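Following UniProt numbering, the numbering of the sequence shown begins with 1 at its first residue and continues without gaps. Data first, discussion second: the structure below is written as C-alpha cells.
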Amino acid sequence: MVEQAKQIVVGYDGSEFSDRALDWAIREAGALSMEVKVVVSLGRPMAMDPSIYGVFLQSIEEEAEQVAATAVSRARAHGVTALGVVEHGDAAGVLVHESQTASVLVVGKRGRHGVRGRVGSVSAAVAAHAKCPVMVLPDRWDPQTG
C-alpha cells in the first residue's frame, strides 16, 4: 500500500469562500505539521488560434499564477510549508485528480459565481468523487473562532 502524502489540498480561486478554505487548511496544516497545496484551475482548455487569443490567454494564466502565489505567501506567513499549482481543466476534475495523493481536500461552499445558500457545483462534485476526505467550509466559518 502506498503511503498517502501529508498534504492538504485547497481548491482556490481567490474568492472569499476559497479564502475560508485556505484559512482552515493553514490552521490544520500548522497543527498537524502538514503541507498545503494550493490548486488554481484555469477551466477547460479551448481550441483557439494563439495568434488571436495568445495575449489574452497569457494574461489569464499570469493572473492565476498570481492568485496561487498570494495564497502560498499567506500560508508561509503562518509558518506552513506550501506550494501552488495552476492546472488547466474544469475545477472539479482537477481537484478530484489532486485528491488521489492528498490527505484531505478543502474547498469553500461555493466559488466566485455561487448562489447564496446553495452548495456549488464544484464542491458537490468533489464531495461525491474525491479519493480522500473532503472538507467543505460553510459560508460563515470564522478562523478566529473555529
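Heads up, the beta-carbon is just placed ideally off N, CA and C, and yes, glycines get one too. The structure presented is a predicted model; accordingly, all values stated were derived computationally and were not measured.
Opposing strand residues paired with residue i [DSSP bridges]
i: L105; result: V9 and V134
i: G89; result: G43
i: V96; result: The partner list for V96 (beta bridge, DSSP) is empty, contrary to what the question assumes.
i: E35; result: Q7
Coarse secondary structure for residue i, derived from DSSP in three states
i: G54; result: helix
i: residue 220; result: The first residue shown for the chain is 1 and the last is 146, placing residue 220 beyond what the model contains.
i: S15; result: coil
i: D23; result: helix
i: R140; result: coil
i: H78; result: coil
Exposed unless 16 or more other CB atoms sit within 10 angstroms - verdict on residue i
i: G11; result: buried
i: E98; result: buried
i: Q100; result: exposed
i: K109; result: buried
i: A64; result: buried
i: S73; result: exposed
i: D13; result: buried
i: S123; result: buried
Nearest-angstrom beta carbon gap, residue j and residue i [assumed within contact, 8 Å]
i: A75; j: A82; result: 4 Å
i: V94; j: S41; result: 5 Å
i: V38; j: G84; result: 4 Å
i: V107; j: V86; result: Going by Cβ atoms, the distance from V107 to V86 rounds to 16 Å, so no, they are not a contact pair.
i: L137; j: W24; result: 6 Å
i: Q7; j: A102; result: 5 Å
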